[in-house]
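K.L.:
This is the structure, below, for whatever I ask next.
Chains as they are written, first to last, in this note's numbering: chain A, 90 to 877; chain B, 154 to 506.
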């Protein structure tokens, strides 16, 4: 039986002594502060642990690489603050011209039956256009009979997502009518294949071939007269439009696209990112309901420079990311390649021009002759002069294969909304974000104008995205590496050419477009813009029919932000930091508690029993002391699971060994103390003696030992992130520092000193707290070390 | 002295035992956890080879099958797991880590051992130099502080030692690079290429090497010497309060002699052992610092193998070699302790601490 009063008295005595050690009290205070921080994390920064990815929505409106807000208070320069200007709800509308609605589309159609095939574009019951395609027989190889052609995936069961490797099997028989070998080739239109087989007279051969389909699509596998059609992934069921890929930050690429489900069932399209060796880096799925259209965007930060491929269903784009370097000649290069763009043998393209009709086919292109098994691309554009949206259907031999909505005709209005921003800072905003959404019967262009205090108007004429019928939701950003920088750059350069002697201009990638927007119009406009203070008016215009803007705002992202600033992916460092405190203390705390438990029980048992038990346990401890931690961490974390709990488990199992040694030698002294002998002679059981007399004396030692371990655990956890072995699903100080390291933060002192400094300071605070507490406890209990 | 021999034999036996146990733990973890990864690795390699392979479908098929089987045998995947653990442990104990998947040594060889041997000397060079400097400096400053316990130097040292012990070395490295390389430009940019004697001659090589080594060296010494001085100071002040020192002082033995004669003799074993132990403990931190400084050592290689190439045999090789070095270092520390401290005996009576 342990008497609570005894323990209380012991604790009281230790505490009383402890209070005399100032540094120990500071340590306890620090620990308390950090624990409070860790406990507050879910309230101060809810959900951050799960959304630390640079692509998470919550960071998108923050400034990039901004120092902390308090830098503004301690420096002479005025930093612009993060400002969101909401739309005041007023809209100016101006009618422009009347226009017909127009919609273009492209679709892949397979032809698998010999004979004539009719393509029709229907508007209700009316045939707007028809076209006949002659499907010819595929010439077989003489004397060879192909049978049992099958195509199946090499692994797994289905062709759900590209890339798929397929196994193609067939039997080829030589009819023996000529005494000549015959050679047959495997054909997959649009795909390179180099399989060919030579069959001797009278022989029958089973053949097997492998092929890898990299992109979604409808493919035909042709062997002699046999044709097998397969659909990989979404095939042609989901259209991909406006597929763009852009470098948006250091080693970060953003993909944007419009995906449209053109069939009457839901479909899932997969995007995958590959490196230039074809290794899949990540995948992301989107599911579209029947007929649904969605604008998608995906941002990925890569651990290193290189060429990467973004493959979205049937389309592929590549981007080459290089670290920002002034000597770099070329900007990010992106190129497009689609597999369906093969040349057709004969193709009829019709341009019809204006006809006096309500709705007509303006352009149509399809081949006149195909060979059975071909999959061909059919393109058409349709004009609508009716005031309502119309539905047209592409049919093949009476069967509907594609439905298309055509925008209505009508008066196009330009709808303008405006925002004012008073810029009075020496350090201009870092970036500008414009967001607006709404709906329209038809929606086409958007323009942006910025009127400056000096009367100069800068224009951003973004791409004409073609007619849209649905709701729209747009985000336009003026960022350092964005596509808009050229437009701003060109306007400034034209002005400089006309009005100044300046003839040499910095390269566009070295100019920050926002600095130019807010820059004084003088010789230095491009080289080193000086801020022009005053009121700016930013106008967004949208052209279309019956455009209703529901929501709009403009963010001028500040030159300072938050308590610890933001990193190069706009993440609020403080929000990550506070979670880092939580996870650090979690790991350190659990290891400390298990260490107290294991070391005390191990050391005490060894000390109390002595003899061969002690001998055996000492040998065991020596073996444990010799086990290195790092290799175990590397192997377990790398090949099994990188969860922080696995890390904690390994440390909990290994770290008590040193403390156990100290506890044992201390325990030996305690065990020899006379009153224990006395208790023993009075007939107390050994468990009772250990629990009642020894543990209270020993506990402070193991607590002191465990406290000294906490900083070691926290530093080790952080270090593992640098090695690439940290838990990828949470945010710790190590996560933040590894991001900083791999983004080259050390190379930009002014933009990122806070990114590196604060996570490390967190570790120092916790470490100092625990070490000084542990030292103070040791001084209290070990009279030899009492100095002051 | 027979007792010493007994001690030596026991330590050696212990070391071998630990070595075997560690190798088996690591092999068992790896064999169990990396099974799927290895299967995928084999498939990928065969697929890659097939892309350059030309032949009839039958040849392709037989190549595919043979090669897969060959590679599965290479990684012992055809064996039951218990045997696999045994074989992989056996390979490791023979220092056979196999061939790297993608990485190669400078001479083009893909033998894991020769790849690692290319990087290991750089780690040893940096770390040993740093260790010599910070240990000597730490012990000297620690003795000084112990002599003047309670003085300003002593108090500052305690504070500095505590703070430095809670700083990750690689973080200090990042700050040092930020400030001294990119803000002030005092040191060259971190760069993994290494100076070569053939190109620069011995003098040029040495100069280049020193310039390249300066910042990592300063960082390691800065972070570790405070803790070392502080620990030394604590051990020595503990001894200074022992009765026999008090007696010597009371007898009028000069202070210098008390410190360097009586105290150092007693303090040497724990000071030296704790120095070696802390050296072993800081290997992990030093390896991570190599990544930050782009110093082409084991840590840098490990990051390449994990992050850039995903090269399983190299990761494995580094783990085992680090383990060997640690175990060997620990063994040496034990031997030195026994050598320095005549009181150390073998058996249960050993007074540790």
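No residue lacks a Cβ here, since even glycine has one placed at the ideal position from N, Cα and C.
Check the Cβ of residue 727 (chain A) against every Cβ in chain B and list those closer than 7 Å, keeping chain order.
P.N.:
Within the first chain, numbered from 1, the residue matching residue 727 (chain A) stands at position 638. Per Cβ cutoff of 7 Å: 459 and 468.
K.L.:
List the residues that DSSP assigns as beta-bridge partners of residue 884 (chain A).
P.N.:
Given that chain A is displayed from residue 90 to residue 877, the structure contains no residue 884 (chain A) and the question cannot be resolved.
K.L.:
What separation, rounded to the nearest whole angstrom, lies between the Cα atoms of residue 198 (chain A) and residue 486 (chain A)?
P.N.:
By 1-based counting over the first chain, the position of residue 198 (chain A) is 109. By 1-based counting over the first chain, the position of residue 486 (chain A) is 397. Rounded to whole angstroms, residue 198 (chain A) to residue 486 (chain A) spans 12 Å at the Cα level.
K.L.:
How many angstroms separate the CA atom of residue 771 (chain A) from the CA atom of residue 757 (chain A)?
P.N.:
Here residue 771 (chain A) is taken as the residue at index 682 of the first chain, counted from 1. Here residue 757 (chain A) is taken as the residue at index 668 of the first chain, counted from 1. Taking the straight line from one Cα to the other gives about 20 Å.
K.L.:
Here's the rule: buried if 16 or more other CB atoms are within 10 angstroms of the residue's CB, otherwise exposed. What is residue 857 (chain A)?
P.N.:
For the purposes of this step, residue 857 (chain A) is identified with residue 768 of the first chain, where counting begins at 1. Buried, because 16 or more other Cβ atoms sit within 10 Å of the Cβ of residue 857 (chain A).
K.L.:
Is it buried or exposed, residue 750 (chain A), if we count other Cβ atoms within 10 angstroms and call 16 or more buried?
P.N.:
Locating residue 750 (chain A) in the first chain gives position 661, where the first residue counts as 1. Buried.
K.L.:
Would you report the Cα separation of residue 293 (chain A) and residue 261 (chain A), rounded to the nearest angstrom?
P.N.:
Here residue 293 (chain A) corresponds to residue number 204 of the first chain, with the count starting at 1. Here residue 261 (chain A) corresponds to residue number 172 of the first chain, with the count starting at 1. Going from the Cα of residue 293 (chain A) to the Cα of residue 261 (chain A) covers about 6 Å.
K.L.:
Measure the C-alpha to C-alpha separation of residue 190 (chain B) and residue 470 (chain B) and round it to an integer number of angstroms.
P.N.:
The residue labelled residue 190 (chain B) in the question sits at position 37 within the second chain. The residue labelled residue 470 (chain B) in the question sits at position 317 within the second chain. Those two C-alpha atoms are separated by around 16 Å.
K.L.:
Would you kindly check if the distance between the Cβ of residue 444 (chain B) and the Cβ of residue 450 (chain B) is under 7 Å?
P.N.:
Position 297 of the second chain, counted from the first residue, corresponds to residue 450 (chain B). Position 291 of the second chain, counted from the first residue, corresponds to residue 444 (chain B). No.
K.L.:
Closer than 7 Å, CB to CB, is residue 804 (chain A) near chain B or not?
P.N.:
Within the first chain, residue 804 (chain A) is the residue found at index 715, counting from 1. Yes, residue 804 (chain A) counts as interfacial toward chain B.
K.L.:
Could you tell me which of B:382, B:379 and B:343 sits nearest to residue 364 (chain B), measuring between CA atoms?
P.N.:
Within the second chain, numbered from 1, the residue matching residue 364 (chain B) stands at position 211. Among B:382, B:379 and B:343, the Cα nearest to that of residue 364 (chain B) belongs to B:343.
K.L.:
Closer than 7 Å, CB to CB, is residue 719 (chain A) near chain B or not?
P.N.:
For the purposes of this step, residue 719 (chain A) is taken as residue 630 along the first chain, with counting starting at 1. Chain B contact via Cβ: present.
K.L.:
Please state whether DSSP places residue 155 (chain A) in a helix, a strand or coil.
P.N.:
Walking along the first chain from the start, residue 155 (chain A) turns up at place 66. The answer is coil: DSSP assigns residue 155 (chain A) none of H, G, I, E or B.
K.L.:
Counting C-beta neighbours from all protein chains within 10 Å, is the total for residue 827 (chain A) 16 or more, i.e. buried, or is it exposed?
P.N.:
By 1-based counting over the first chain, the position of residue 827 (chain A) is 738. With 16 or more Cβ atoms within 10 Å of its Cβ, residue 827 (chain A) is classed as buried.
K.L.:
Considering residue 734 (chain A), what are the terminal residues of the alpha helix (DSSP H) in which it resides?
P.N.:
The residue given as residue 734 (chain A) occupies position 645 in the first chain. First-last of the alpha helix (DSSP H) with residue 734 (chain A): 733-743.
K.L.:
For residue 215 (chain B), count neighbouring Cβ atoms within 10 angstroms of its own Cβ and tell me buried if that reaches 16, exposed if not.
P.N.:
Reading the second chain from its first residue, position 62 is the one you call residue 215 (chain B). Exposed, because fewer than 16 other Cβ atoms sit within 10 Å of the Cβ of residue 215 (chain B).
K.L.:
Tell me which residues share the same chain as residue 327 (chain B) and place their Cβ nearer than 8 Å to its Cβ, disregarding the 5 neighbours each side in the sequence.
P.N.:
Position 174 of the second chain, counted from the start, is the residue given in the question as residue 327 (chain B). Once the five neighbours on either side are set aside, the close Cβ partners of residue 327 (chain B) are 445.
K.L.:
Does any C-beta atom of chain A lie closer than 7 Å to the C-beta of residue 321 (chain B)?
P.N.:
Translated into the one-based positions of the second chain, residue 321 (chain B) becomes position 168. Yes - at least one Cβ of chain A is within 7 Å of the one on residue 321 (chain B).
K.L.:
Taking all protein chains shown into account, do 16 or more other C-beta atoms lie within 10 angstroms of the C-beta of residue 389 (chain A), making it buried, or fewer, making it exposed?
P.N.:
If you number the first chain from 1, residue 389 (chain A) lands on position 300. Flag for residue 389 (chain A) reads buried.
K.L.:
Would you grab the beta carbon distance between residue 112 (chain A) and residue 865 (chain A) for me? Rounded to a whole angstrom, and I think it's under 8 Å.
P.N.:
In the first chain, counting from the first residue as 1, residue 112 (chain A) sits at position 23. In the first chain, counting from the first residue as 1, residue 865 (chain A) sits at position 776. That belief holds up - the Cβ atoms of residue 112 (chain A) and residue 865 (chain A) are roughly 6 Å apart, short of 8 Å.
K.L.:
Just the Cα atoms here: how many angstroms apart are residue 359 (chain A) and residue 527 (chain A)?
P.N.:
Taking the first residue of the first chain as position 1, residue 359 (chain A) is located at position 270. Taking the first residue of the first chain as position 1, residue 527 (chain A) is located at position 438. In a straight line, the C-alpha of residue 359 (chain A) is about 28 Å away from that of residue 527 (chain A).
K.L.:
For the putative contact between residue 522 (chain A) and residue 566 (chain A), defined by C-beta atoms under 8 Å, what is the C-beta separation to the nearest angstrom?
P.N.:
The residue labelled residue 522 (chain A) in the question sits at position 433 within the first chain. The residue labelled residue 566 (chain A) in the question sits at position 477 within the first chain. Right, their Cβ atoms sit about 5 Å apart.
K.L.:
For residue 295 (chain B), is the classification buried or exposed, using 16 other Cβ atoms within 10 angstroms of its Cβ as the cut-off for buried?
P.N.:
As a position in the second chain, residue 295 (chain B) is number 142, starting the count at 1. That one is buried.
K.L.:
Would you kindly check if the distance between the Cβ of residue 487 (chain B) and the Cβ of residue 422 (chain B) is under 7 Å?
P.N.:
What you label residue 422 (chain B) is simply residue 269 of the second chain in a count that begins at 1. What you label residue 487 (chain B) is simply residue 334 of the second chain in a count that begins at 1. No. Outside cutoff.
K.L.:
How close, in whole Å, do the beta carbons of residue 318 (chain B) and residue 860 (chain A) come, if the pair is a contact with beta carbons under 8 Å?
P.N.:
Here residue 318 (chain B) corresponds to residue number 165 of the second chain, with the count starting at 1. Here residue 860 (chain A) corresponds to residue number 771 of the first chain, with the count starting at 1. Indeed, because the Cβ distance is near 6 Å, the residues count as touching under 8 Å.
K.L.:
In chain B, which residues lie with their C-beta within 7 Å of the C-beta of residue 807 (chain A)?
P.N.:
Counting from one through the first chain, the residue named residue 807 (chain A) turns up at place 718. The answer, in chain order, is 321.
K.L.:
Taking 7 Å as the CB-CB cut-off, is residue 811 (chain A) touching chain B?
P.N.:
Looking up residue 811 (chain A) in the first chain gives position 722. Residue 811 (chain A) counts as touching chain B.
K.L.:
Starting from residue 440 (chain B), trace the alpha helix (DSSP H) in both directions and tell me its first and last residue.
P.N.:
Locating residue 440 (chain B) in the second chain gives position 287, where the first residue counts as 1. Where residue 440 (chain B) is concerned, the enclosing alpha helix (DSSP H) stretches over 436-446.
K.L.:
Cβ closer than 8 Å: which chain A residues qualify as neighbours of residue 275 (chain B)?
P.N.:
For the purposes of this step, residue 275 (chain B) is identified with residue 122 of the second chain, where counting begins at 1. Going along chain A, no residue has its Cβ under 8 Å from residue 275 (chain B), so there is no contact; the nearest lies around 17 Å.
K.L.:
Using the C-alpha atoms, what's the distance from residue 231 (chain B) back to residue 461 (chain B)?
P.N.:
Mapped onto the second chain, residue 461 (chain B) falls at position 308. Mapped onto the second chain, residue 231 (chain B) falls at position 78. Computed Cα separation, rounded: 29 Å.
K.L.:
To which residues of the same chain is residue 655 (chain A) closer than 7 Å at the C-beta, ignoring the five residues directly before and after it?
P.N.:
Counting from 1 along the first chain, the entry for residue 655 (chain A) is found at position 566. Cβ within range, chain order: 151, 152, 153, 154, 155, 661 and 662.
K.L.:
So for residue 523 (chain A), helix, strand or coil by DSSP?
P.N.:
Position 434 of the first chain, counting from 1, holds the residue named residue 523 (chain A). Residue 523 (chain A): strand per DSSP, three-state reduction.
K.L.:
What are the residues in the stretch 472-488 of chain B lying within 7 Å of chain A by C-beta distance?
P.N.:
Those would be 472, 473, 475, 476, 479, 480 and 483, in chain order.
K.L.:
DSSP puts residue 595 (chain A) in a beta bridge; with which residues?
P.N.:
Working through the first chain from its first residue, we reach residue 595 (chain A) at position 506. Answer by DSSP bridge pairing: none, since residue 595 (chain A) is not bridged.
K.L.:
Can you tell me whether residue 449 (chain A) is helix, strand or coil according to DSSP?
P.N.:
Working through the first chain from its first residue, we reach residue 449 (chain A) at position 360. Reduced to three states, the DSSP call for residue 449 (chain A) is strand.
K.L.:
So which residues of chain B does residue 124 (chain A) contact, with C-beta pairs closer than 8 Å?
P.N.:
Reading the first chain from its first residue, position 35 is the one you call residue 124 (chain A). Per Cβ cutoff of 8 Å: no residues; residue 124 (chain A) is ~16 Å from chain B at best.
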